[in-house]
Each structure stands twice: as C-alpha cells, then as structure tokens.
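Mapping to this note's numbering: the sequence shown position 97 is 98, numbers consecutive. Just so you know, even glycine gets a beta-carbon here, dropped at the ideal spot from N, CA and C. Shown next, in structure tokens, is the structure this report addresses.
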Amino acid sequence: QVQLVESGGGLVQAGGSLRLSCAASGRTFGDNVMGWVRQAPGKEREWVAGITSGGSTSYADSVKGRFTISRDNAKNTVYLQMNSLKAEDTAVYYCYSASYPAVWGQGTLVSVSS
C-alpha cells in the first residue's frame, strides 16, 4: 500500500520552530516532485512548498525565508523545517507526491500560540 505519513506537528509558541517529516512507504518517490500544503480552520487549502527530484525548491511568499523544504531520497522522506512561526501558520499540514496518481498524507496539526 502506497502511503505518506506525516509527523512532527504540535503546539509551539510564536517565534518557535518545528520540523515536519513525511515518510513514504509502498514505493519510492525519488523521481517525483514532493511538497507541502496546509489548511487553516475555515480557510482554503494553501500550497506551502515544493521540491523536485533534483532538489530545486520553491515556496509560497507567506513562508519564504522562514520555511525550508528538503528531502532524503535514501530514506524516502521529505522534511519541512519551520522557523519564526507565526499564529497564522496554524493549520493542518499535508505532504503530497506529485506522482500519477497523486498521493497525499493524512495531515499533521501545527498550532502556534501568540
């Protein structure tokens, strides 16, 4: 069974840091673009960051300079390092693989207290 499992969410104070992990199983995703999206309560899902198989990265303007996406293809894992967290970063964070068909994780909650 192909799946992505996120971990690392939790409660943190504004200005703090968290690192999310997304572990893939059932197949390798080294050739696929991977990324993160988030959905805050009552809001639309928002794309956060993406990384290509070669390691090129891109970010939403709202997180640029604070978040860093990376991947370890040997571990079949993608990471999202989140620094200088703000209350508006509170959301459920989902990782995805832009494969065909796309694969999504179940989400991990990040809560930032102000």
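Can you tell which of the options has the C-alpha that lies nearest to the C-alpha of residue i?
i   : options                  : result
V79 : E89, S115, W105 and Q2   : W105
V49 : R67, Q4 and T29          : R67
P42 : L110, G108, A92 and Y101 : A92
G17 : N77, V6, K87 and K65     : K87
V6  : L12, Q14, G36 and D32    : G36
D62 : E47, I52, A75 and N74    : E47
Do you know how far the Cα of residue j is from the Cα of residue i?
i    : j    : result
R72  : G56  : 7 Å
K44  : Y94  : 13 Å
N84  : S115 : 14 Å
Q40  : D90  : 9 Å
T69  : N77  : 17 Å
A103 : V3   : 10 Å
T116 : S26  : In this structure the chain extends from 2 to 115, so residue 116 is not present and cannot be described.
G11  : Y101 : 31 Å
Q82  : Y60  : 12 Å
V1   : Q14  : The shown model of the chain, from 2 to 115, leaves out residue 1, and the question about it has no answer.
A99  : G51  : 10 Å
DSSP beta-bridge partners for residue i?
i   : result
G16 : DSSP, once it has assigned bridges, lists no residue as partnering G16.
G36 : G51 and Y97
G11 : V111
Q4  : S26
Once you ignore the five residues that flank residue i on each side, which residues in its own chain have a CB closer than 7 Å to its CB?
i  : result
G9 : L19, R20, L21, S22 and T109
For residue i, which residues of its own chain have a beta-carbon under 6 Å away from its beta-carbon, when the five flanking residues on both sides are left out?
i    : result
N74  : G31
A24  : V6 and T78
S112 : L12 and T91
| Unbroken beta strand (DSSP E) runs of length 3 or more, entirely within the stretch 40-105: which are they? | Counting only runs of 3 or more, we get 46-52, 58-60, 68-73, 78-83 and 92-98.
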